[in-house]
Structures are given as C-alpha cells and as structure tokens.
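Some notes on the structure that comes next.
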Amino acid sequence: MATAPVETRPHTANGRAQSAPPVMLKGDDAVPRGLAVASAVILRAMIVVAGLVLIALGAARMMLVVLPVIISVLLSTLLVPIARWLQAHRWRPAPAAFAGVLLSVLVFFGLWALIIPGVLSQSDELVANVQKGAGDVASALEPLGVGRADLDKAVDQGLQSVQGGAVANEVLTGAVLLTQWAAAIVLIVVLTFFFIKDGARLWEWVVELFHEDRQDALREVGNRSWAALSAYVQGVFLVATIDAVLIGAALLIVGVPVAMPLIVLTFVAAFFPIVGAFTAGAAAVLVALVANGLPAAMVIFVVIVLVQQLEGNVFYPVVVGRKLQLHPVGILLALTAGGVLAGVAGAFLAVPLAAVTAAVLGYTRERREARHSAAVLAP
50 MATAPVETRP HTANGRAQSA PPVMLKGDDA VPRGLAVASA VILRAMIVVA GLVLIALGAA
110 RMMLVVLPVI ISVLLSTLLV PIARWLQAHR WRPAPAAFAG VLLSVLVFFG LWALIIPGVL
170 SQSDELVANV QKGAGDVASA LEPLGVGRAD LDKAVDQGLQ SVQGGAVANE VLTGAVLLTQ
230 WAAAIVLIVV LTFFFIKDGA RLWEWVVELF HEDRQDALRE VGNRSWAALS AYVQGVFLVA
290 TIDAVLIGAA LLIVGVPVAM PLIVLTFVAA FFPIVGAFTA GAAAVLVALV ANGLPAAMVI
350 FVVIVLVQQL EGNVFYPVVV GRKLQLHPVG ILLALTAGGV LAGVAGAFLA VPLAAVTAAV
410 LGYTRERREA RHSAAVLAP
C-alpha cells in the first residue's frame, strides 16, 4: 500500500525546525517585486477611481434628487447653530427648525429680488453700453483685419437671438425646467427642516444599521465630517459676505450699473474657490469698463485685487482656519472633476465633498497610526 509522502524539514544544530524556503512559481523571477507591487497598487487604484466615477455619473443623472439632498445638508450646517440658539432660549425643536428654514427662504428670495429688478430696469442701458464697447473694441482690432461691420453684425445677431423667436420656441422647455426646479426647491425646504430637527436621530439610525464593532468608528467619522463641512460652509459664507460688502461698496461708489446683481454674483462666486473669484472679478471689471470707462474699471480692478489678497491671506486662514487641510492643487482638481462630471452643480459641491473626504482620510490615518503604535508598545 502506498503511503502519503511525509514532509521533512531541515533541523538546525539545536534541534529546532527551520522554516522551508518559499515556493517559487514559474515566472516569478522574471517579474521584479517592485513592478509586481506597483501593478497591484495601480490595479486597485483604477478600481477605486472607476467606482467613484460611476457613482458620480449616477449622481449626475439623478441630480434633481441628489442635489437637493446635498444642498439641504449644506444649509443645515448654517442653520443648526441658529436652531440650537433658539432651543437654548426655550424654543421647541420644531419651531426652532422652522424659524431657521424660514430665514433661509427669505434670504433666497431676497437675493433674487435684488437681481431681477436691477437687470430688467437697466437692460436697455447695458445693451447700449455693450454696443458702444463693441465699437471701441472694433476700432482697436481694425489693424488686425477685424472690421467694425463684422463686430456690429455679431452683436446684432446675439441680441436678436435673445430677443427674437429663439426664446419663444423654448417656452415649453423652460416651463418644464421651472416646474422641476420648483419641486426641487420645495424638497430642499422640507429636507432642511427635518435635517435640522432630527438630523442626529437620522444619523444614529444609519449607524445602527452596521455591526456594533463598527458603530463607534462610524460615529467618529460622522462627527469629523460634520465638523469639516460646517467649518467650510460657515467660513466661506462669512468670507463671501465680507467680499460682497467690500466690492459692492466700490461698485456703488463708482456708480457701476447693475451693481446689486454683481454684488450677489460676488457673494455666490465665493463658494467656487479660486475660479469663482476670477469670474466674478472679471465680470465686474468688464461691466465697469463698458459702462463707466477705463478709469472706473481700473478702480474696480484694484479694489478686487486688494480684497482677494485680504481673502487669501487674512480672511480665509482666520475664519476657515487650517481644519480642512486642502491644498490649492486639490481644490483645483476637485473643481475640475466636479465641473466635468456634473457641470456647475458639480463644481459647487466638489470642494465640500473634498473637505469631507479629507476629514475621513485623516481619521483613517490616525487609526492606522494608533494601531501601529499599540503594536510596537505591546510586550
């Protein structure tokens, strides 16, 4: 009868068994260890990136559902302190949450009330200024072979496309979009109310869906993510207010037309770091150049540069602080990726999501370092 082979291990001089050498498969010698490790890391990174892209594309396709949820969370970071202050003064949770939501609704419609009348009342003046500015630009471009007639024709075609039948043909589509966004606004209001009132209970319910061993870590991740998101949103809100006040005062003093819409644009653009400041500043300088001439445009340009320097070196570091730990390169990459995947809404949400991701990764790194320290100190 055949017997099973008995594995023999070499012994050292003191009688202890010596571990057998690792089994080498064919081809292992042909692939350096560094290349094998690099290929494994790249493969896993590609899988993670592909998963993130699929999630982002899916969220982009469901933007009318995803966007209200995220905006409600962002609004909650601003309104929860108000609700807590009211509760500290003996308000019930529901009335306190309702008061915060009502305040946000009034501010939202107040901003639109500042934009629309100013644009409508000064639209004729803006059109005339644009045509005049186009004529000045044409005179400057004549040496390059661009005639004034060509530029006037392009301006007239643009105005006709805005004022003519193209707009009328899109009335039905515009009505559908208006209905969708009206429904989204209602959803934002309702979700914000419940996030303010029952946000802690909702998160606890989510945490309890996981195993008990993971609940403490999830609670800590949630707390850190909320702290990072609150620091970002509240800090940027305050910085945006300061920018709008300072630049708006310059616009009003110089007498730039549609100053109020430009002030609102400056405020909103602050939520798009780096890119938003450049866009809002360029719009203000161009309007001042067309409507008030070169001296006024230079004054606005100098004011915007000074305000942006104060924002980058004083306001943002002091108000937002270093809690987010987001490098400008990371901010630019997040803005670019968000804009490519979901347009303006993606660019708006990219930096807050990056802030939350940085907080989660920071907590993961701390846990890993703590486990490594415990393993080193263990007897």
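Residue numbering for the sequence shown follows our numbering, beginning at 50 and increasing consecutively. All residues carry an ideal CB built from backbone N, CA and C; glycine is no exception. As the structure is a computational prediction, the values presented were derived from the model and not from experiment.
query                                                                                                                                                : result
Would you kindly check if the distance between the Cβ of residue 274 and the Cβ of residue 408 is under 8 Å?                                         : yes
Indicate whether residue 153 and residue 128 have their beta-carbon atoms separated by less than 8 Å.                                                : yes
Is it right to say residue 360 is buried, meaning 16 or more other beta carbons lie within 10 angstroms of its own, or is it exposed?                : buried
Do you know offhand how far residue 310's Cα is from residue 121's?                                                                                  : 24 Å
Is the distance from the Cβ of residue 381 to the Cβ of residue 396 below 8 Å?                                                                       : no
Between the region 337-346 and the region 297-317, do three or more beta carbon pairs fall short of 8 Å?                                             : yes
What did DSSP end up calling residue 397 once you bin it into helix, strand or coil?                                                                 : helix
So what's residue 258 in DSSP terms, helix, strand or just coil?                                                                                     : coil
Have a look at residue 299 and residue 96 and give me their C-alpha separation to the nearest angstrom.                                              : 51 Å
In the DSSP assignment, find the alpha helix (DSSP H) that holds residue 346 and state where it starts and stops.                                    : 343-359
Measuring straight from C-alpha to C-alpha, what distance separates residue 379 and residue 285?                                                     : 17 Å
From this set, 335, 338, 283, 350, which residue's C-alpha is nearest residue 319's C-alpha?                                                         : 283
From residue 301 to residue 281, what does the alpha carbon distance come to, in whole angstroms?                                                    : 29 Å
Give me the Cα-Cα distance between residue 228 and residue 90, rounded to the nearest whole angstrom.                                                : 47 Å
Figure out for me which residue from 81, 336, 416, 317 has the closest Cα to the Cα of residue 393.                                                  : 317
Are the beta-carbon atoms belonging to residue 291 and residue 146 less than 8 Å from one another?                                                   : no
On the criterion of 16 or more Cβ atoms from any shown chain inside 10 Å, does residue 400 qualify as buried, or is it exposed?                      : buried
Under a three-way DSSP split, which group does residue 421 fall into?                                                                                : helix
Determine the contact status of residue 388 and residue 398, defining contact as a CB-CB distance below 8 Å.                                         : no
How many Å lie between residue 150 and residue 142 at the Cα?                                                                                        : 12 Å
Just checking my contact of residue 330 with residue 353 at CB under 8 Å: how many whole Å lie between their CB atoms?                               : 4 Å
Residue 313 lies in the alpha helix (DSSP H); which residues open and close that run?                                                                : 308-318
Near residue 293, which residues of its chain fall below 7 Å by C-beta distance, leaving aside the five closest residues on each side in sequence?   : 312, 315, 316
How do the region 404-418 and the region 258-278 stand: do at least 3 beta-carbon pairs fall below 8 Å, yes or no?                                   : yes
How long is the line joining the alpha carbons of residue 418 and residue 259, rounded to whole angstroms?                                           : 24 Å
Does DSSP classify residue 321 as helix, strand or coil?                                                                                             : coil
Could you check the C-alpha separation between residue 263 and residue 98 for me, to the nearest Å?                                                  : 25 Å
Can you tell me whether DSSP reads residue 95 as helix, strand or coil?                                                                              : helix
DSSP three-state label for residue 81, please.                                                                                                       : coil
Should residue 155 go down as buried or exposed, given a rule of 16 or more other Cβ atoms within 10 Å for buried?                                   : exposed
Let's test the definition: count the other Cβ atoms within 10 Å of the Cβ of residue 242 and tell me whether it reaches 16, buried, or not, exposed. : buried
Rounded to whole angstroms, what is the Cα-Cα separation between residue 119 and residue 166?                                                        : 30 Å
Measure the alpha-carbon distance for residue 289 versus residue 327 and round it to whole angstroms.                                                : 14 Å
Return the chain-ordered ranges of every alpha helix (DSSP H) run that is complete within the region 221-303 and spans a minimum of 4 residues.      : 261-303
Alpha carbon to alpha carbon, what distance is there between residue 134 and residue 250?                                                            : 19 Å
I need the DSSP call for residue 305, collapsed to helix, strand or coil.                                                                            : coil
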